[in-house]
Each structure stands twice: as structure tokens, then as C-alpha cells.
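The structure under discussion appears below in the form of C-alpha cells.
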Amino acid sequence: MKENDVYSTWIEIDLSAIENNVELIRKKTGVRVMAVVKANAYGHGTMPVARAALRGGAAWLGVARIEEALNLREAGLDCPILVLGYSPAGKVSEAINQNISLTLWSLEQLISVSSSAQKIGKQAKVHLKVDTGMSRLGVQPNETLALAEEINASPGIIFEGIFTHFARADEEDPSSSENQ
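Take the sequence shown: its letter number 65 is residue 64 in numbering that gives the first Met the number 0, and every next letter is one higher.
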């Protein structure tokens with residue numbers, strides 16, 4: 000194979016399209032939109048995509064790890080940010096200090112986050128993740144109410160929300176997602 004027989008691939012990200020798409024989704028649904036920018040915005044550039052989504056009216060940004068959330072804060076973004084994945088205990092206080100919301104799915108995590116918040120004299124904002132089929136992270140549906148009640152009763156905790164992750168949202172047959 001000759002060198003000139005191989006073509007380089009490239010991708011061009013239209014940030015105005017991201018901005019417009021977020022605006023359309025927000026207007027059509029009438030709800031607050033979270034732009035998930037984890038993993039370098041899926042390889043498209045965290046900061047440019049986050050800023051475009053916010054210009055389009057995104058109310059939240061979602062990331063997988065605390066480090067990603069802290070990078071957004073360091074870049075000057077002060078919008079609500081939710082860490083969708085696991086938060087190591089050693090980083091929780093820093094996240095709370097930076098007004099970053101955390102995801103919980105176990106009593107052990109709740110106790111750890113509550114303790115961290117109380118130690119620094121602040122409130123930790125948390126969301127509860129329910130495992131409805133992904134089998135990765137999340138409390139089991141039959142344990143959700145009990146953990147939600149524990150979250151509501153815990154000192155140093157603000158219970159902001161609850162969510163799940165569709166296990167097979169990309170399949171043509173929507174029945175499994177509808178069952179979730």
C-alpha cells in the first residue's frame with residue numbers, strides 16, 4: 000500500500016449546531032436540560048462543547064468523575080455540575096467546596112458524603128442513581144425508597160434528584176426502555 004492511498008480521518012464539530020440542538024430540546028421539552036460532557040465531551044472537547052451547550056440553555060453539566068467537574072470549575076463555569084459516577088472519598092470534600100453535586104447508590108457512600116460535609120460545615124448536594132438494567136452502578140429498585148429516606152434524614156445532605164440509565168436505549172425495539 001502506498002502512503003497516499005491512506006486517507007487521514009478528521010471530524011469537524013459545529014458548536015453552533017450543539018448550541019441550537021440544546022435550545023431546541025429545551026424548548027420542545029420545557030424542562031431543564033443537562034448536557035453530559037464526560038470523557039472530553041465524548042472526544043469533542045469538554046470546554047467548547049460545555050460552553051456551547053450552556054449558550055443553548057443547558058441548565059446543568061454532567062460528568063463521570065470529580066476531576067472532570069473540578070476542571071470545569073477551574074475554567075470558570077459556575078453552573079450546576081453533577082458527577083454521574085463514583086466519587087472517591089478523598090475527593091468528596093473538594094467537590095462539596097466547589098458546589099458540585101454527587102451521585103450516591105449505597106448507604107456506605109451516603110455515610111461518607113454526610114461525614115465529609117459535616118466536617119467542612121457545608122451541605123453536599125446529591126442525586127440517587129437507580130439500577131434499572133445497566134447492572135453497573137445504582138441502588139436496586141426494591142431498595143430505592145429506603146435509601147431515599149436515609150438520604151432525606153441525613154445531616155449535611157441536600158437530596159436534589161434521582162435518575163437511572165437506559166440499558167438499551169439504542170435498540171430499535173423500545174420495549175425494554177419503556178419497561179425500565
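Cβ atoms here follow ideal geometry from the backbone N, Cα and C, with glycine treated the same way.
- Closest by C-alpha distance to Ala152, out of Leu109, Lys121, Asn141, is Leu109.
- Bridge partners of Ser100 according to DSSP: Leu81.
- Nearest in C-alpha terms to Ala68, of all of Gly55, Arg54, Ala34, is Ala34.
- With a threshold of 16 other beta carbon atoms within 10 Å, Glu107 falls short and is exposed.
- With a contact defined as Cβ atoms closer than 8 Å, His126 and Ile161 qualify at about 6 Å.
- Remark: C-beta atoms of Gly137 and Trp104 approach each other more closely than 7 Å.
- Sixteen is the threshold: when 16 or more other Cβ atoms of the shown chains lie within 10 Å of the Cβ of Ser113, as they do, the residue is buried.
- A check of alpha carbon separations from Asp77 across Gly84, Ser100, Pro87 identifies Ser100 as the nearest.
- By the criterion of a C-beta distance shorter than 8 Å, Leu146 is surrounded in its chain by Leu103, Trp104, Ser105, Leu106, Leu109, Leu127, Val138, once the five residues flanking it on both sides are discounted.
- In the DSSP secondary-structure assignment, Ala123 is bridged to Ile156.
- Here Leu71 really is in contact with Ile80; their C-beta atoms are around 6 Å apart, less than 8 Å.
- The beta carbon of Gln117 sits closer than 7 Å to the beta carbons of Pro154, Gly155 from its chain, once the five residues preceding and following it are set aside; these are given in chain order.
- Judged by DSSP secondary structure, Gly42 falls within the alpha helix (DSSP H) whose first and last residues are 37–42.
- Comparing C-alpha distances from Val82 to each of Arg25, Leu60, Ile157, Gly75 shows the shortest one belongs to Leu60.
- In the DSSP annotation of this structure, the continuous segment of the alpha helix (DSSP H) that includes Leu23 starts and ends at 14–28.
- Here Pro140 has Val129, Asp130, Thr131 as same chain residues with Cβ atoms under 8 Å from its own Cβ, once five neighbours each way along the sequence are excluded.
- Separation of Glu93 and Asn19 (C-alpha to C-alpha, rounded to the nearest whole angstrom) is 33 Å.
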